[in-house]
Amino acid sequence: MRITRTLLTGLVTAAALATSVPAAGAAPAARPGERTYCPQLSKNLKWHGDNRARLQRMIDERGICSHPKPGPSGRPVAAFDWDNTVVKNDISDATVAWALRHDKIPRPRTWRATNPWLTAAADRTLTKACGTTVPVGAPLRTSRNAACADEIMEIRSEGRTMDGKPAFAGTWHHRRTVPQYAWVPQLFAGLRPATLGSYARQARAEALAAPIGSVQKVGTHTLPAYVRYYDQQRDLIRTLKAAGFDVYIVSASSEPIAEAWSGGVGLDRAHTLGIRSLTRHGRLTTGIRGCGDVKDGHGEVLPYMDGKRCWINQEIFKIKGKAAWDRQDWSHRIALGAGDADTDVTFVNDATGAHLALNRNKTELMCRAYDNADRRWVAQPMFIDPLPRKSGVYPCATQGHTNADGTKGPLRRADGSVVPDQKDRAYGRK
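Residue numbers (the working numbering): 4 to 433.
As structure tokens, this is what we get:
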């Protein structure tokens, strides 16, 4: 009996020791009185390759699984672009198309007054196509005037008139703004923000009800009629929030438009950053708020490329003035950044935990993703109708970087070395 008791005691002790030592790769043990909890991404949603596992590892490393209480720098932050990152297709296009089909664009005093870069040729073309019989501030009859609807849609989407003339000219910082993006909220000047939000919600209802793959006609333009939330991104945002992350949307859409959609992934207005129009007497104007040391103006700075970094630094990390344009120290940067285009590359590259790049064949973003300098880039084909493999290579070494004047040059790593050309590796198969 004494031998049996000794053996039993040894087995119990060994078992206790075994359970007290974490396995390699396991989350750290909780401190006394604390519970270790690791929210998990759904295994029922398809991701490319090992992308789910890599994102889960970042969530475990940076979230409450490893840090039950926020550190001195606060909760980890995740930031997502919106169009074609969280949803398939473009919510600004959907809203403008809805407004054109329902006669909701107010006639401006002059078209030149809507945007400082709008050309005289565009002003003449719009004036001719849309007419002057409608009183200033009253809605244009774009549902019955295909020529007017066409000119507005062509300038919005292509930055040119229907006869091919440039719609915008002059000088702007090409890593901070693009005039045709600023023009969308400027089209709705004179309306209350809540009115624009109601248009966006009605456009949202139509776009979510339209079948995947369906198209709509606006004038003679054909564009997608549908928008869909990506199930994988909804799940990722849900999991990040459960893991203690502060999650934001940073979009180059007008903020009332973005707010009409962001609630669909559980984010409120305080966590939705977009183009912020200046208001007068409660109504939208053509003015747009600046960022950092750039004063309010008419779109000189948008949440666009380097401008997205500025807005994140200023609004989330409370870094003011000129410093908001700078890449910050590790504790004042986002943990996860997600985007689909070169317009997102700066803030996505700033992330310290994971850079999620949805592949739409955009050169600067995908060059960063495939170079994978810090081994934390996650290249992902679009979840709905992914693009096939890009032919040839991304010209990273010669055309990979957009300069402030709009010219292209070599893309460089943090140490100054040039990123070599890259082959496409995360794509759809058709």
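In this text, a Cβ means the ideal position worked out from N, Cα and C, and glycines have one as well.
Given the structure is predicted, the values throughout are model-derived calculations rather than measurements.
query                                                                                                                    : result
Residue 374, DSSP secondary structure in three states                                                                    : helix
Beta carbon of residue 355 nearer than 8 Å to that of residue 333                                                        : yes
Environment of residue 280 [buried if 16+ CB atoms lie within 10 Å]                                                      : buried
Contact set for residue 313: own chain, Cβ-Cβ below 6 Å, skip 5 residues either direction                                : 294, 295, 327, 328
Reference residue 411, options 214, 292, 366, closest by Cα                                                              : 366
Residue 380 - partner residues in DSSP beta bridges                                                                      : 358
CB of residue 66 within 8 Å of CB of residue 247, strictly                                                               : yes
Spatial distance of residue 86 from residue 351 (CA atoms)                                                               : 15 Å
For residue 113, the nearest candidate out of 96, 95, 134 (CA to CA)                                                     : 134
Rounded C-alpha distance that separates residue 422 from residue 93                                                      : 30 Å
Delimiting residues of the alpha helix (DSSP H) encompassing residue 98                                                  : 94-104
Residue closest to residue 277, alpha-carbon to alpha-carbon, out of 269, 270, 253, 401                                  : 253
Nonlocal neighbours in the same chain, by C-beta distance under 7 Å from residue 418, ignoring five residues either side : none
Spatial distance of residue 83 from residue 136 (CA atoms)                                                               : 43 Å
Beta-carbon gap between residue 385 and residue 363 smaller than 8 Å                                                     : yes
Residue environment, residue 230, which counts as buried when at least 16 other CB atoms sit within 10 Å                 : buried
C-beta atoms of residue 178 and residue 304 nearer than 8 Å                                                              : no
Delimiting residues of the alpha helix (DSSP H) encompassing residue 243                                                 : 234-245
Euclidean distance between Cα positions of residue 271 and residue 319                                                   : 14 Å
Sequence-distant residues of its chain with Cβ nearer than 6 Å to residue 168 (five each side left out)                  : 124
Under the three-state DSSP convention, the category residue 149 falls into                                               : helix
Closest by C-alpha distance to residue 77, when choosing among 399, 377, 347, 337                                        : 337
Residue 249 in three-state terms, based on DSSP                                                                          : strand
Proximity winner among 163, 308, 290, relative to residue 407 (alpha-carbon distances)                                   : 308
DSSP three-state assignment for residue 279, whether helix, strand or coil                                               : coil
Cutoff 7 Å; reference residue 28; Cβ partners in own chain excluding five residues on either side                        : Note that residue 28 scores a pLDDT of 36, beneath 50, so its modelled location is shaky; the value from the coordinates is reported in the next line. Same-chain partners within the cutoff: there are none.
Residue 207 classed as buried or exposed, judged by whether at least 16 other C-beta atoms fall within 10 angstroms      : buried
Residue 228 versus residue 156 - alpha carbon distance                                                                   : 14 Å
Beta-carbon proximity list for residue 204, same chain, < 8 Å, skipping 5 on both sides                                  : 263
Beta-carbon proximity check, residue 89 vs residue 202, cutoff 8 Å                                                       : no
Cβ shell of residue 138 (< 8 Å), same chain only, five flanking positions each side left out                             : 110
Between the CA atoms of residue 103 and residue 148 - distance to the nearest angstrom                                   : 9 Å
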